[in-house]
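Going by this note's numbering, the sequence shown opens with residue 35, and the numbers climb by one from there.
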Amino acid sequence: MAKSRKRRSTTTAVEWPTVFLIAACYAVWLVAGGLLWPAFPVAALIVLSLTVALQSSLVHEVLHGHPTRNALVNEALVSLPIGLLWPYRRFKTIHLRHHADEKLTDPFDDPESYYRALWQHEQLPGAMKFVLKVNNTMAGRFVLGPLLSCIGFFIDDAKSIAAGDKSIRKAWLLHGAGLAVVLPVIQFGFGMPIWLYMLVPVWLGHSVISVRTFAEHQWSEHPEGRTIIVERSPLSILFLNNNLHFVHHKSPTVAWYKLPALFRARRDEWLRMNKGYAYPNYLSLIRAYAFRAKEPVCHPVLRRTPEAGRAFAPRIRARNVNGLGTAPVPAEPPKE
């Protein structure tokens, strides 16, 4: 009987829908580049862009401990970086820090915050201030977001590697190994110029993801009110149901295909918990904010003036349980 229980536990440890979706994503990518591109190049570029977006969502799913209980197996499943830009382990480190909900939107402590510290913003050239203002519209984020999200990240990582950070260097070396497989497939297997792949599938794929990330978080005095719920969207499969972002933040270990049922079972409670920060669909967001900024560039409350000491440092970090990158040390949420 003990052996039977162990066998059942091992079987249920693998989330097969996610495994199949990962396999399908890479298969469609190969078919689009190898078979569709020579005959229907425009259609191929569109399909490749969608696979880049889907693989980005799958990477997000994997870093949260899916689809197996083994971190190295999970990493191997998404180790071919068809989106080219983000090393898996760097994204994992950054994103796990982002999940400290009591720090959401902080320009320093939340590494995925789009807000800037007022005093830093005032030091920027006028042209850069204008670019950031445009980037806070949905159209601007769609066009400029992929580029702006990478520039600072690449510069900071290069400085860290130069300063001797071995974990960041290893993350980039592993990423380079993946690129050593992906880039020849694109150039010689697909017969597609790398510059074109970068300009369309990579840029457009990450732009599609920016539709989801555009309004995921806003400042609220209540941490629960900082994370959005978009109730319905035809893009939900591409986003792996992360349109229900508040549900994901509250239940980060729940698999993507279980989130809709979890939301439906307690819909009113979820909406009450996140203080009503919800939209019926992404079309409503596009109509409201396509060419109008939803949020100010500068954080409306936090980091308004320079602070001494640790003001410029991220929250304390520690090795995560798998030894891959770093994870946030839990902090007590502020008293309401």
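Even glycine gets a Cβ: it sits at the ideal position worked out from N, Cα and C.
Computed from a prediction, not measured in an experiment: that's the story for all the values here.
Taking the DSSP output, what are the residues bridged to Tyr-313? Paired residues: Val-264.
DSSP three-state call for Arg-150: helix, strand or coil? The three-state secondary structure of Arg-150, taken from DSSP, is strand.
Rounded C-alpha distance that separates His-133 from Leu-64: Taking the straight line joining both Cα atoms gives about 33 angstroms.
Nearest CA to the CA of Ser-84: which residue from Ile-228, Gly-239, Arg-124 and Pro-145? For clarity, residue 84 is Leu in the given sequence; the question names Ser instead. For Leu-84, the closest C-alpha among the options Ile-228, Gly-239, Arg-124 and Pro-145 is that of Gly-239.
By Cβ distance, which residues of its chain are closer than 6 angstroms to Gly-174, with the 5 residues on each side in sequence left out? Cβ contact annotation for Gly-174 (same chain, cutoff 6 angstroms, sequence separation greater than five): Val-168, in chain order.
Using beta-carbon positions only, say whether Ile-263 and Phe-280 come within less than 9 angstroms of one another. Yes; because the gap between Cβ atoms is below 9 angstroms, this pair is in contact.
Using CA coordinates, which residue listed in His-251, Glu-258, Val-177 and Leu-272 is at the minimum distance from His-333? The closest CA to that of His-333, considering only His-251, Glu-258, Val-177 and Leu-272, is found on His-251.
On the criterion of 16 or more Cβ atoms from any shown chain inside 10 Å, does Ala-347 qualify as buried, or is it exposed? Bear in mind that a pLDDT of 46 at Ala-347, under 50, signals an unreliable position, so the number given afterwards is only what the model happens to contain. Burial call: exposed.
For a quick check, are the C-beta atoms of Leu-208 and Arg-123 less than 9 angstroms apart? Result yes, Cβ atoms of Leu-208 and Arg-123 sit closer than 9 angstroms.
Suppose the cutoff is 6 angstroms on Cβ atoms and the five residues either side in sequence are ignored; what does the same chain contact list for Leu-305 look like? Within the same chain, and ignoring the five residues on either side of Leu-305 in sequence, the residues whose Cβ sits closer than 6 angstroms to its Cβ are Ala-312.
Quick one, which of Lys-200, Glu-255, Met-232 and Pro-51 has its alpha-carbon nearest Thr-102's? For the residues Lys-200, Glu-255, Met-232 and Pro-51, the minimum Cα distance to Thr-102 belongs to Pro-51.
Just the C-alpha distance for Ser-147 and Phe-222, rounded to the nearest angstrom, thanks. So the alpha carbons of these two residues sit roughly 38 angstroms apart.
Three-state secondary structure (DSSP) of His-251: Correct three-state label for His-251: strand.
Give me whichever residues DSSP pairs with Cys-332 in a beta bridge. For Cys-332, which the question treats as bridged, DSSP gives the partners Arg-150.
Burial state of Pro-235, where buried means 16 or more other Cβ atoms lie within 10 Å: By the neighbour-count rule (16 or more Cβ atoms within 10 Å), Pro-235 is buried.
Contacts around Pro-258, its chain only, beta-carbon distance under 7 angstroms, and the 5 residues preceding and following it disregarded: A small correction: the amino acid at residue 258 is Glu; Pro does not occupy that position in the sequence shown. For Glu-258, where only same-chain residues beyond five positions count, the Cβ hits under 7 angstroms are Met-307, Asn-308 and Lys-309.
Keeping to the same chain, check which residues put their C-beta closer than 7 angstroms to that of Thr-287; ignore five residues upstream and five downstream. Within the same chain, Thr-287 has close Cβ partners His-98 and Gly-99.
Compute the Euclidean distance between the alpha carbons of Glu-69 and Ile-185, then round it to the nearest angstrom. Correcting the residue identity first, residue 69 is Leu in this sequence and not Glu. Cα atoms of Leu-69 and Ile-185: separation of roughly 34 angstroms, rounded to the nearest angstrom.
By Cβ distance, which residues of its chain are closer than 7 angstroms to Ser-267, with the 5 residues on each side in sequence left out? Once the five neighbours on either side are set aside, the close Cβ partners of Ser-267 are Asn-277, Asn-315 and Tyr-316.
Secondary structure of Arg-344, DSSP reduced to three states: Here Arg-344 scores only 48 on pLDDT, less than 50, and its place in the model should not be relied on; the value that follows carries that caveat. The answer is helix: DSSP assigns Arg-344 an H, G or I state.
Go ahead and pull the three-state DSSP assignment for His-155. Three-state DSSP puts His-155 in a helix.
When burial is assigned at 16 or more other CB atoms within 10 Å of the CB, is Asn-275 buried or exposed? So Asn-275 ends up on the buried side.
Check each candidate in Trp-229, Pro-180 and His-283 and name the one with the smallest Cα separation from Val-242. Ranked by Cα distance from Val-242, the first of Trp-229, Pro-180 and His-283 is Pro-180.
Unbroken alpha helix (DSSP H) run spanning Asp-191, endpoints: Membership of Asp-191 in the alpha helix (DSSP H) is indicated by the continuous run 172-196.
Considering only residues of the same chain and omitting the five flanking positions on each side of Thr-261, which have a CB-CB separation below 8 angstroms? Cβ contact annotation for Thr-261 (same chain, cutoff 8 angstroms, sequence separation greater than five): Asp-135, Leu-138, Glu-250, His-251, His-279, Phe-280, His-283, Asn-308 and Tyr-311, in chain order.
For a quick check, are the C-beta atoms of Ser-244 and Phe-187 less than 9 angstroms apart? For Ser-244 and Phe-187, no; Cβs fall outside 9 angstroms.
What did DSSP end up calling Asn-104 once you bin it into helix, strand or coil? In the three-state scheme derived from DSSP, where H, G and I count as helix and E and B as strand, Asn-104 is classed as coil.
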